[in-house]
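A short write-up of the structure that comes next.
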Amino acid sequence: MVEERGTSVAERPDLPDRVTIYEVGPRDGLQNEKAVVPVEAKAEFIRRLLAAGLPVVEATSFVHPRWVPQLADAGDLMTSLIEGELGEAARKLPVLVPNERGLDRALELGCEHIAIFGSATETFAQRNLNRSLDEQFAMFEPTVTRAREAGMDVRAYVSMCFGDPWEGAVPIDQVVRVGKRLHDLGASQLSLGDTIGVGTAGHVKHLLEAFNEAGLPNEALAVHFHDTYGQALANALSALQHGITTFDASAGGLGGCPYAKSASGNLATEDLVWMLRGLGVDTGVDLASLVATSTWMAGVLGRRSPSRVVTALTPTD
Ligand code: HMG
Ligand code: MG
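Residue numbers (the numbering used here): 434 to 750.
Here it is, written out as structure tokens:
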């Protein structure tokens, strides 16, 4: 670890004192890797992220193993975490679930927190879920109802909130309609996804305002930025200024979506932590441990992290 030279903190009383980082590296990051990471390395990654102070770590996906072979070991991973040093706490890690079959798999393992993932556009619903825009709700409705009856917490992602590689610009009212329907099914939090990273800061503000006007307060919203055009951090700042307090990010900037080829890595958790620390916003994350974890994972994957902060804080010789 190189010295963190020139670190400055300039507190901003107009911003939230504390935010929650929702870490998606083990899921959104590793789902997109060509190589399948061994289950023990995935478990170690998750344990290290939790030890670095990340309060929420999304572990894996109970999707069809043929659709995402990288996460076909979801059951083995959860079992390994539950039987390992995390014990019961591992059941609290969120897992992605698209349908009742995925829910059954999560219930069998005693998972307590699931995330469904809807699309704001017709084309991505077809490509990612093999369903039309309307059919996706028929798949989610019984999934969420049963999950809530079982006492699970449910998050809902909305993908393609800012633009879609096949359909282009996505109207804000279309995104709000889809998001509100997912929320009304019983999701406690909506994560607004810029799946292909085309959003810009003003668009973020307008989308959040539209959700507020539709009756969803900031506390029910999270933001999920990909960094394809280098806008993820600016977009996160825009959301922070709007009063959002949950931010998705991926350690080391891993990520993408196998069903949206133009998606690149997520906003790197380290870059987000660096910015928030400079603004005096508490995250509870130990940056040095996090950088060490991402550097270790880069070694497992055999390539360098794209995160600017990981690069800046990792000695090159
Ligand atoms: P389908 O082929 O339409 O499924 O896929 P089906 O309902 O017709 O079932 C066909 C067979 O699959 C059946 O088996 C089912 O039991 C089985 P059979 O009776 O023929 O033997 N099956 C399953 N097996 C295991 N686990 C399951 C499951 N479901 C069905 N869960 C499906 C529909 C939704 C399953 C499929 O399209 C799929 O798995 N999609 C997942 C795609 C994905 O994971 N994408 C990446 C995550 S989204 C993302 O990254 C974006 C995000 O980060 C936010 C952002 O950035 O915007 C969240
Ligand atoms: Mg994503």
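Cβ atoms here follow ideal geometry from the backbone N, Cα and C, with glycine treated the same way.
Inspect the beta-carbon positions of residue i and residue j and report whether they are closer than 8 angstroms.
i, j, result
"residue 605", "residue 693", "no"
"residue 689", "residue 730", "no"
"residue 493", "residue 679", "no"
"residue 514", "residue 539", "no"
"residue 641", "residue 654", "yes"
"residue 531", "residue 550", "yes"
"residue 696", "residue 740", "no"
"residue 699", "residue 722", "no"
"residue 659", "residue 617", "no"
"residue 519", "residue 481", "no"
"residue 586", "residue 545", "yes"
"residue 472", "residue 510", "yes"
Our contact map puts residue i next to residue j with C-beta atoms below 8 angstroms; I'd like the distance itself, whole angstroms only.
i, j, result
"residue 496", "residue 527", "With a Cβ gap of about 14 angstroms, residue 496 and residue 527 do not count as contacting."
"residue 577", "residue 591", "Wrong, their Cβ atoms sit about 14 angstroms apart, outside the cutoff."
"residue 442", "residue 713", "5 angstroms"
"residue 594", "residue 647", "Not confirmed; about 14 angstroms, so no contact."
"residue 580", "residue 547", "6 angstroms"
"residue 703", "residue 743", "5 angstroms"
"residue 588", "residue 559", "Residue 588 to residue 559, Cβ: 23 angstroms. No contact."
"residue 466", "residue 491", "That pair is no contact at about 16 angstroms."
For the beta strand (DSSP E) containing residue i, name the first residue and the last one.
i, result
"residue 589", "586-592"
"residue 677", "Premise fails: residue 677 is in no beta strand (DSSP E) and is neither H nor E."
"residue 548", "546-552"
List the endpoints of the continuous alpha helix (DSSP H) containing residue i.
i, result
"residue 558", "555-562"
"residue 726", "720-734"
"residue 522", "Run containing residue 522: none; DSSP gives neither H nor E here."
"residue 506", "Looking at the DSSP string, residue 506 is not in any alpha helix (DSSP H), and its letter there is neither H nor E."
"residue 536", "533-541"
"residue 741", "741-745"
In the DSSP output, which residue or residues are listed as bridge partners for residue i?
i, result
"residue 451", "715"
"residue 528", "493, 547"
"residue 693", "690"
"residue 701", "683"
Given 7 angstroms as the limit, tell me if residue i has its C-beta closer than that to any heavy atom belonging to the ligand FMN.
i, result
"residue 688", "The model on display carries the ligand HMG and the ligand MG but not the ligand FMN."
Legend entry - Segments assigned alpha helix (DSSP H), at least 4 residues, entirely inside the region 581-667: You should have 605-619, 634-646.
Legend entry - Any alpha helix (DSSP H) of 4 or more consecutive residues that is wholly inside the region 444-494: The region 444-494 contains these whole alpha helix (DSSP H) runs: 472-484.
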